[in-house]
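A.B. asks:
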Amino acid sequence: AFIILTTALLATTGWAEDTNSPAFQVRAIMKDIVAGKFRQGEQKEISGWIMTTETGEKFHRAILQAQAVPLILIGPEAVPELLKWLDHDQMHIRYIADYSLEQVTGEEPFFPHFATIEELRSKGWLKAAVGVWQDWYDSRKNNSKSGRQFRSENHPLF
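So for the sequence shown, our numbering puts the first residue at 239; every next one is plus one.
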């Protein structure tokens, strides 16, 4: 009874989070990836470059892109939360957020995959890329009646 009462109180005061919200879904997926819980996709040939992170971990591009699929499927409403993950201290986490944003928006601002977070910040690349995607999201929101499709609706993965 205490848990039910507490949950109801939190919900009415705005402290409880909607678990169906795109932001919650993105956070949950990204937290799993940070914890090393990678999504098991189709077993097919792995191709592309290999990312060696700041800590020496190695990741194949195809594996990282497979992690982005559920994020991309959330669609444009994932953009605000994905923008926050571009500032993560782990390179492969930033790449997954970047790739997801590119697939959803069709925008590809300069955001070097192998740059350190310090480089991204100090050279202004992080701020510039966030600005491009935020502008895309804001213009889409302001033109919600336009019926514009987002890139992932036509993506071959789906």
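Positions of the beta carbon are idealized from the N, C-alpha and C atoms, including for glycine.
Computed from a predicted structure; not experimentally measured.
Relative to the alpha-carbon of residue 345, which residue among 329, 353, 378, 357 has its alpha-carbon at the smallest distance?
C.D. replies: That would be 378, whose Cα lies nearest to the Cα of residue 345.
A.B. asks: Just to confirm, are residue 371 and residue 321 a CB contact at a threshold of 8 Å?
C.D. replies: Yes; because the gap between Cβ atoms is below 8 Å, this pair is in contact.
A.B. asks: For residue 363, which residues in the same chain have their Cβ closer than 8 Å to its Cβ, ignoring the five residues on either side in sequence?
C.D. replies: Hits under 8 Å: 348, 349, 350, 353, 357.
A.B. asks: What is the DSSP secondary structure of residue 351, reduced to helix, strand or coil?
C.D. replies: Note: residue 351 maps to coil in three-state DSSP.
A.B. asks: Is the CB-CB distance between residue 277 and residue 304 below 8 Å?
C.D. replies: Yes; because the gap between Cβ atoms is below 8 Å, this pair is in contact.
A.B. asks: Threshold first: 4 residues or longer. Then list the alpha helix (DSSP H) segments lying entirely within the region 291 to 343, N to C.
C.D. replies: Correct list: 299 to 312, 317 to 323, 329 to 343.
A.B. asks: To which residues of the same chain is residue 297 closer than 6 Å at the C-beta, ignoring the five residues directly before and after it?
C.D. replies: Only 289, 330 meet the Cβ criterion.
A.B. asks: So residue 273 is in the alpha helix (DSSP H); what residue range does that whole segment cover?
C.D. replies: Per DSSP, residue 273 belongs to no alpha helix (DSSP H) and is neither H nor E.
A.B. asks: Within a Cβ cutoff of 7 Å, which residues of the same chain sit near residue 267, ignoring the five residues on either side of it in sequence?
C.D. replies: Once the five neighbours on either side are set aside, the close Cβ partners of residue 267 are 308, 309.
A.B. asks: List the residues that DSSP assigns as beta-bridge partners of residue 288.
C.D. replies: In DSSP, residue 288 forms a bridge with 298.
A.B. asks: With 16 as the cutoff for other CB atoms within 10 Å, does residue 338 come out buried or exposed?
C.D. replies: So residue 338 counts as buried.
A.B. asks: Quick one: what does DSSP say residue 398 is sitting in, helix, strand or coil?
C.D. replies: Because residue 398 is not part of the residues shown, which for the chain are 239 to 396, the question remains open.
A.B. asks: Using alpha carbons as the reference points, say which of 327, 261, 381 lies closest to residue 318.
C.D. replies: Cα-wise, what sits closest to residue 318 is 261.
A.B. asks: Kindly give me the distance between the Cβ atoms of residue 306 and residue 341, rounded to whole angstroms, as I take these residues to be in contact under 8 Å.
C.D. replies: Correct: roughly 7 Å between the Cβ atoms.
A.B. asks: CA-CA distance, residue 287 and residue 327?
C.D. replies: One C-alpha to the other measures close to 21 Å.
A.B. asks: Pull up the distance between the alpha-carbon of residue 312 and that of residue 361, whole angstroms please.
C.D. replies: The alpha-carbon atoms of residue 312 and residue 361 are separated by roughly 31 Å.
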